[in-house]
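Residue numbers (my numbering): 9 to 347.
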Amino acid sequence: MLDTNVEGVEQTVSTGRLPARGSVDAVVAEAYERNRGSSDGAVADYIPVLAEVDPELFGICVAEVDGAVHDAGDSTVEFSIQSISKAFVYALVCEEFGHAEVGERVGVNNTGLAFNSVVAIELNDGHPMNPMVNAGAIATTALMPGTTSAEKWEHIRTGLSAFAGRNLELDGVVYRSEAETNQRNQAIARLLQSYGRITEDPLEIVDIYTRQCALRVSAHDLAVMGATLADGGVNPVTRERVVSAEVCRDTLAVLATNGLYERSGEWLFEIGLPGKSGVAGGIVTIAPGKGAIGTFSPRLDRAGNSVRGQRATAYLSRTLGLNIFASSSAGNANNEEQP
Ligand code: GLU
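Below you can see the structure in the form of structure tokens.
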């Protein structure tokens with residue numbers, strides 16, 4: 009890892025606020041109206057049961073760090089969290105092991121390859137590279153506290169439930185459908201074992217990983233989960249502290265570089281916020297210190313990101329002023345006419 013020589017230096021935090029509530033409601037409604045008619049993209053089918061979803065479903069939710077929540081469309085319809093679980097399980101593991109150890113063991117750099125790439129593992133001498141690809145997520149799940157699989161699983165389920173502020177449940181149909189077809193993830197776990205990267209039973213770890221991906225959430229849940237990461241680790245609705253502010257900062261950095269599969273660079277360029285998507289059609293996007301956006305729409309682009317979800321999020325980022333790279337001049341230019 010890079011030695012930045014800032015250990016022990018206090019972290020200063022500086023963020024802004026979202027616009028007044030009425031205008032956030034109107035902007036969320038407009039993000040929904042602008043995109044509801046689009047049918048671009050295709051529903052995921054490599055997990056067989058996902059292909060059976062109604063492709064027209066479309067929900068948006070914005071949750072603010074003060075607990076205000078703004079919903080539009082099918083924002084309470086549940087779907088499987090899939091890869092979005094990686095972000096929150098990573099945060100829980102960081103809470104247990106800390107910045108340096110997880111940074112070293114799982115990594116934070118982009119692979120530039122597909123989320124389930126075996127080649128990426130081989131190219132990096134068995135290092136999983138980052139927690140948002142399957143190798144890194146399986147390694148992260150293995151690190152979850154618990155001496156038995158049942159304990160690890162319960163820790164994940166209750167941890168993600170604390171982020172959501174309600175009891176999340178397993179979608180047994182999605183779990184079984186993926187468990188019958190996840191030979192590739194089993195191979196990835198075996199490969200990590202062969203490199204000494206996991207010491208637990210690889211098939212048991214893949215089983216827990218498959219369960220975490222099958223937890224049922226809604227766009228509303230994703231917004232609250234994301235807002236917990238935006239609020240320094242405190243769930244703004246239940247007011248429960250779930251993880252530390254340092255863990256949120258580290259998790260969001262990883263999402264910024266790896267959250268949208270091989271399109272993470274394009275996402276940051278267009279939207280300017282950390283986010284994470286999943287193949288069932290969910291996306292969570294976090295505006296640090298302000299709040300978070302949850303979207304659900306099952307049709308995906310080729311990288312596996314929801315098309316309407318990306319467009320709605322781009323609109324919200326732009327109109328709510330969320331892009332973390334955007335600035336306007338303080339007005340001191342000496343080569344421009346003053347109004
Ligand atoms: N459970 C899926 C897998 O591991 C997650 C896919 C995704 O959302 O990227 O293949």
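From the three backbone atoms N, C-alpha and C, an ideal C-beta is built for every residue, glycine too.
Inset, instruction - Please determine, among A253, L65, R25, R205, the residue with the shortest C-alpha to C-alpha distance to E130. - result: The shortest CA-to-CA distance from E130 to any of A253, L65, R25, R205 is the one to R205.
Inset, instruction - Report the three-state DSSP secondary structure of S314 (helix, strand or coil). - result: In the three-state scheme derived from DSSP, where H, G and I count as helix and E and B as strand, S314 is classed as strand.
Inset, instruction - Between the Cα of L200 and those of E188, N190, Y269, I213, spot the shortest distance and give me the residue it belongs to. - result: Residue I213 is the option with its Cα nearest to L200.
Inset, instruction - Given a cut-off of 8 Å, decide if F171 and F87 are closer than it, judged by their beta-carbon atoms. - result: Going by C-beta atoms, F87 is not nearer than 8 Å to F171.
Legend entry - Residue environment, T360, which counts as buried when at least 16 other CB atoms sit within 10 Å: Since the first and last residues shown for the chain are 9 and 347, residue 360 lies out of range.
Inset, instruction - Would you mind sorting Q220 into buried or exposed? The rule is 16 or more other CB atoms within 10 Å of its CB. - result: If you draw a 10 Å sphere on the C-beta of Q220, you find 16 or more other C-beta atoms in it, and that means buried.
Inset, instruction - Report the rounded CA-to-CA distance for T321 versus I301, giving the unit in angstroms. - result: Their Cα atoms are separated by approximately 7 Å.
Legend entry - Nearest candidate by alpha-carbon position, reference Q19, set G180, R198, G240: Nearest of G180, R198, G240 to Q19, Cα basis: G240.
Inset, instruction - Evaluate D209 with the Cβ neighbour count: other Cβ atoms within 10 Å of its Cβ, from every protein chain shown; 16 or more gives buried, anything less gives exposed. - result: Around the beta carbon of D209, fewer than 16 other beta carbons sit within 10 angstroms, so the residue counts as exposed.
Legend entry - Contacts around N138, its chain only, beta-carbon distance under 8 Å, and the 5 residues preceding and following it disregarded: Take N138, set aside five residues on each side of it, and the residues of its chain with a beta-carbon closer than 8 Å to its own are V114, G115, V116, N117, N118, T119, G144, V262, T265, N266, in chain order.
Legend entry - Cβ pair L237, A99 closer than 8 Å: Taking a C-beta distance under 8 Å as the contact criterion, L237 and A99 qualify as a contact pair.
Inset, instruction - State the CB to CB distance for the pair S185 and V85, rounded to an integer number of angstroms; the pair is presumed to be in contact (CB under 8 Å). - result: About 19 Å separates the beta carbons of S185 and V85, which is beyond the 8 Å limit, so they are not a contact pair.
Inset, instruction - Report yes if the C-beta distance between I146 and I196 is below 8 Å; otherwise report no. - result: Cβ atoms of I146 and I196: closer than 8 Å.
Inset, instruction - Output the residues surrounding the ligand GLU, defined as those with a CB atom closer than 6 Å to any ligand heavy atom, in chain order. - result: Qualifying residues come out as Q90, S91, F123, N124, N142, E186, N193, C221, G286, V287, G312.
Inset, instruction - Could you check which residue in N13, V14, V32 has the C-alpha nearest to that of S325? - result: Per the Cα distances, V32.
Inset, instruction - Inspect the CB distances between the segment 303 to 322 and the segment 53 to 68 and report whether three or more fall short of 8 Å. - result: Judged by Cβ distances under 8 Å, the segment 303 to 322 makes contact with the segment 53 to 68, as three or more pairs qualify.
Legend entry - Candidates E248, E278, P56, M233: closest to Y183 by CA position: Distance check between Y183 and each of E248, E278, P56, M233 places P56 closest, using alpha-carbon atoms only.
Inset, instruction - Output the boundary residues of the alpha helix (DSSP H) element that contains E112. - result: Bounds of the alpha helix (DSSP H) holding E112 are 107 to 114.
Legend entry - Sufficient close CB pairs (3 or more, under 8 Å) joining the segment 281 to 290 to the segment 20 to 39: Inter-segment contact for the segment 281 to 290 and the segment 20 to 39 is absent: fewer than three beta-carbon pairs are separated by less than 8 Å.
Legend entry - Beta-carbon contacts of S314 that lie in its chain and below 8 Å, excluding the five residues immediately before and after: Closer than 8 Å at Cβ, skipping near neighbours: G49, S285, G289, G290, I291, T303, F304, S305, P306, R307, L308.
Legend entry - Proximal residues to V7 (C-beta, below 7 Å), its chain only, five neighbours per side dropped: No answer is possible for residue 7: it lies beyond the span of the chain, which begins at 9 and ends at 347.
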